[in-house]
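J.:
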Amino acid sequence: MNPASPPLLSLPPNVLALVDALARAGGRALLVGGSVRDALLQQPAGDLDFEVHGLSLAALRTVLKRFGKVNEVGRSFGVFKLRIDGQELDISVPRRDSKVGPGHRGIQAEADPELGVVEAARRRDLTINAIAWDPRTDELVDPFGGAGDLAARRLRAVDPATFAEDPLRALRVAQFAARFAFEVAPELADLCRGMALGELPAERVRGEIEKLLLRGKRPSIGWNFAYRAELWARVVPEWDHPCPEALDALAALPVEGAPRRLALLLAAATEASRALPLLDRLHVFRQDGYDVRGQVLALLAARSASFPELEQATRARRLAETVDVELFAALTGDAALLETAEALGASRSPLLPLLSGRDLLELGMVPGPELGRVLAEVREEQLAGRLSSPEVALAWARTRIR
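So the sequence shown is numbered by the numbering used here: it starts at 52 and just counts up by one.
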């Protein structure tokens, strides 16, 4: 390591101590995957994934246990999780992949600590993901030219033969193209075009589409690649068109919450008549308690029936009954509507009701259809802007009791 220049990544002291302990035991711990790629792109590094060469699983396990509780998540192919200084590490030995069946799930991995750094890197999908870094020497291990591809903003396959064994990789190319705004090398595009995607589970397809939409620096780049390479035609035939023009701009908006952003972008990307088949195909339902599916359908329905004839405040109140007005305003470019909804306190949820059933019971009403009718009438008056406080609403309700 050159003492005059900082290392590629600054690792916590106890993580460096682990790397040194593995070296003393006869192994070599290389940082691999996205954290190396992102560091080279001068972006914040995510999870730390180490690949340890030259140590058996038993020897690796022995060293790891000295640093904390070890969770072995891949007993058959050597993957361990260890938390050090609040940082969770994924630690594995090199793996040899064998194609044992069709589709994404037909790949069997077997631990092979002596596989070597070149062959270990060969099993990865793209050259930009096949770069390793040695924290002890600050050396980049880049047998397939991934650093050059990062500089050229280009996606290339590590090995065409191994790339084609996993059909999910075609969609990963699309999401990486969107995420980094990289071009796809022509030979890689041809590979993706020829891959069989029919056996991919809906959840995995949805996962890659979510990454394309939510992490994409330029979702349109990944979308249009997937469209031209006929990936959409095979996994989401509802998207049989180039990327909608507004998608990049909408993806860049500071919308709070990934499920809300996903609902907005799915609505922007999908025609109303095709939304339900697409949501069914991708198994889109609730995420983190948020009804993504319902919101997509509500946004598309509101776009075709958004009460344009109503005064703005009344329109905002009525829209808020069924749709997240902040998302709807983004989808339609209606800044004035959003400003009005925010002033009313109805930008993300319906107005709080002025009265409850309990209030009407205290007026002497009894549970039943009559109580429901009066509550509904009070709500209608509130949405029309004719009732503005619980006191006024209660007085009005007295006049409606038969």
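Positions of the beta carbon are idealized from the N, C-alpha and C atoms, including for glycine.
Have a look at Tyr-278, Cys-294, Val-256 and flag the residue whose alpha-carbon is nearest the alpha-carbon of His-334.
T.: Within the sequence shown, numbered from 1, the residue matching residue 334 stands at position 283. Of the listed residues, the one whose Cα sits closest to His-334 is Val-256.
J.: Using C-beta distances below 8 Å, list every residue in its chain close to Trp-447, excluding the 5 sequence neighbours before and after it, in chain order.
T.: Taking the sequence shown and counting its residues from 1, the one referred to as residue 447 is at position 396. If we look at Trp-447 and ignore the five residues flanking it on each side, its Cβ neighbours are Val-429, Glu-432, Leu-438.
J.: Across the stretch 292–299 and the stretch 232–245, are there enough close Cβ pairs to call them in contact, namely three or more that are closer than 8 Å?
T.: no
J.: Here's the rule I'm using: 16 or more other beta-carbon atoms within 10 Å means buried, otherwise exposed. How should Ile-452 be labelled?
T.: Position 401 of the sequence shown, counted from the first residue, corresponds to residue 452. Exposed, since its Cβ has fewer than 16 Cβ neighbours within 10 Å.
J.: In the DSSP output, which residue or residues are listed as bridge partners for Phe-101?
T.: Counting from 1 along the sequence shown, the entry for residue 101 is found at position 50. DSSP output for Phe-101 lists Leu-82, Ile-142 as bridge partner(s).
J.: What whole-angstrom Cβ distance do Leu-177 and Arg-207 have, given they're in contact under 8 Å?
T.: Within the sequence shown, the letter at position 126 stands for residue 177. Within the sequence shown, the letter at position 156 stands for residue 207. Confirmed, Cβ separation roughly 7 Å.
J.: What separation, rounded to the nearest whole angstrom, lies between the Cα atoms of Arg-79 and Gly-245?
T.: Taking the sequence shown and counting its residues from 1, one reaches residue 79 at position 28. Taking the sequence shown and counting its residues from 1, one reaches residue 245 at position 194. Their backbone Cα atoms lie some 38 Å apart in a straight line.
J.: I'd like to check one pair, Pro-63 with Arg-136: are the Cβ atoms closer than 8 Å?
T.: If you number the sequence shown from 1, residue 136 lands on position 85. If you number the sequence shown from 1, residue 63 lands on position 12. Reading the sequence as shown, one finds Asp at residue 136 and not Arg. Yes, the Cβ-Cβ distance between Asp-136 and Pro-63 is below 8 Å.
J.: Am I right that Leu-282 and Leu-251 are in contact with their C-beta atoms under 8 Å? What's the rounded C-beta distance?
T.: Position 231 of the sequence shown, counting from 1, holds the residue named residue 282. Position 200 of the sequence shown, counting from 1, holds the residue named residue 251. Actually they are not in contact, since the Cβ atoms of Leu-282 and Leu-251 sit about 10 Å apart, beyond 8 Å.
J.: By the 10 Å Cβ neighbour count, where 16 or more other Cβ atoms means buried, how is Ala-427 classified, buried or exposed?
T.: Translated into the one-based positions of the sequence shown, residue 427 becomes position 376. Label assigned to Ala-427: exposed.
J.: Is the beta carbon of His-104 sitting closer than 8 Å to the one on Pro-58?
T.: If you number the sequence shown from 1, residue 104 lands on position 53. If you number the sequence shown from 1, residue 58 lands on position 7. Result no, Cβ atoms of His-104 and Pro-58 do not sit closer than 8 Å.
J.: What do you get for Thr-188, buried or exposed, if any count of 16 or more other CB atoms within 10 angstroms of its CB means buried?
T.: For this step, residue 188 is matched to residue 137 along the sequence shown. So Thr-188 ends up on the exposed side.
J.: Count the other CB atoms, across all protein chains shown, that sit within 10 Å of the CB of Asp-200; report buried if there are 16 or more and exposed otherwise.
T.: For the purposes of this step, residue 200 is taken as the residue at position 149 of the sequence shown. Buried is the call here.
J.: If Val-209 sits next to Phe-195, beta carbons under 8 Å apart, how far is it from one beta carbon to the other, in whole angstroms?
T.: Here residue 209 is taken as the residue at index 158 of the sequence shown, counted from 1. Here residue 195 is taken as the residue at index 144 of the sequence shown, counted from 1. That belief holds up - the Cβ atoms of Val-209 and Phe-195 are roughly 5 Å apart, short of 8 Å.
J.: Evaluate contact between the stretch 112–131 and the stretch 82–98, counting only Cβ atoms and requiring at least three cross-stretch pairs below 8 Å.
T.: no
J.: Measure the C-alpha to C-alpha separation of Leu-361 and Ala-353 and round it to an integer number of angstroms.
T.: Taking the sequence shown and counting its residues from 1, one reaches residue 361 at position 310. Taking the sequence shown and counting its residues from 1, one reaches residue 353 at position 302. Taking the straight line joining both Cα atoms gives about 14 Å.
J.: Report the partner residues of Tyr-341 according to the DSSP bridge assignment.
T.: Counting from one through the sequence shown, the residue named residue 341 turns up at place 290. In DSSP, Tyr-341 forms a bridge with Gln-338.
J.: Tell me whether Arg-337 is buried or exposed, calling it buried when 16 or more other Cβ atoms sit within 10 Å of its Cβ.
T.: In the sequence shown, the residue the question calls residue 337 occupies position 286. Residue burial is scored here from C-beta neighbours: Arg-337 has fewer than 16 other C-beta atoms within 10 angstroms and is therefore classed as exposed.
J.: In three-state DSSP terms, what is Lys-268?
T.: Taking the first residue of the sequence shown as 1, we reach residue 268 at position 217. It is coil, neither helix nor strand.
J.: Report the three-state DSSP secondary structure of Ala-208 (helix, strand or coil).
T.: Here the question's residue 208 lines up with position 157 in the sequence shown. Note: Ala-208 maps to strand in three-state DSSP.
J.: Tell me whether Leu-329 is buried or exposed, calling it buried when 16 or more other Cβ atoms sit within 10 Å of its Cβ.
T.: By one-based count along the sequence shown, residue 329 stands at place 278. Buried: at least 16 other Cβ atoms inside 10 Å.
J.: Is it buried or exposed for Arg-269, if we count other Cβ within 10 angstroms and need 16 for buried?
T.: In the sequence shown, counting from the first residue as 1, residue 269 sits at position 218. That one is buried.
J.: Taking C-alpha atoms, which residue in Ile-272, Ser-400, Leu-382, Leu-304 lies nearest to Ala-318?
T.: Residue mapping note: residue 318 aligns to position 267 of the sequence shown, counting from 1. Of the candidates Ile-272, Ser-400, Leu-382, Leu-304, the one whose C-alpha sits nearest the C-alpha of Ala-318 is Leu-382.
J.: Strictly by DSSP, which residues pair up with Glu-234?
T.: The count along the sequence shown starts at 1 and reaches residue 234 at position 183. In DSSP, Glu-234 forms a bridge with Arg-205.
J.: Counting only runs that start and end within the stretch 162–193, where is the beta strand (DSSP E) found for 3 or more residues in a row?
T.: 183–185, 190–192
J.: Take Ala-280 and list the residues in its own chain whose beta-carbon comes closer than 6 Å to its own, dropping the five residues that flank it on each side.
T.: Working through the sequence shown from its first residue, we reach residue 280 at position 229. Cβ within range, chain order: Ala-240, Cys-243, Arg-244.
J.: In its own chain, which residues sit with a C-beta less than 7 Å from the C-beta of Glu-289, not counting the 5 before and 5 after it?
T.: As a working note, residue 289 is residue 238 in the sequence shown. Taken in chain order, the residues that qualify are Thr-321, Arg-325, Pro-328, Leu-329.
J.: Can you give me the start and stop residues for the alpha helix (DSSP H) that Leu-133 sits inside?
T.: The residue labelled residue 133 in the question sits at position 82 within the sequence shown. Per DSSP, Leu-133 belongs to no alpha helix (DSSP H); it is in the beta strand (DSSP E), 130–135.
J.: Using a Cβ-Cβ cutoff of less than 6 Å, which residues in the same chain neighbour Glu-234 once the five nearest sequence positions on both sides are dropped?
T.: Within the sequence shown, numbered from 1, the residue matching residue 234 stands at position 183. So the qualifying residues of the chain are Arg-205.
J.: Whole-angstrom Cβ separation of Trp-184 and Leu-60, contact assumed at under 8 Å?
T.: For the purposes of this step, residue 184 is taken as the residue at position 133 of the sequence shown. For the purposes of this step, residue 60 is taken as the residue at position 9 of the sequence shown. The C-beta separation of Trp-184 from Leu-60 comes to about 7 Å, placing the pair in contact by the 8 Å criterion.
J.: Since Thr-383 is in the alpha helix (DSSP H), which residue starts that stretch and which ends it?
T.: Translated into the one-based positions of the sequence shown, residue 383 becomes position 332. Looking at the DSSP string, the run of the alpha helix (DSSP H) that includes Thr-383 is 376–383.
J.: Can you grab the Cα-Cα spacing for the pair Ala-110 / Ala-349, in whole Å?
T.: On the sequence shown, position 59 is the one that residue 110 refers to. On the sequence shown, position 298 is the one that residue 349 refers to. Roughly 56 Å between the two C-alpha positions.
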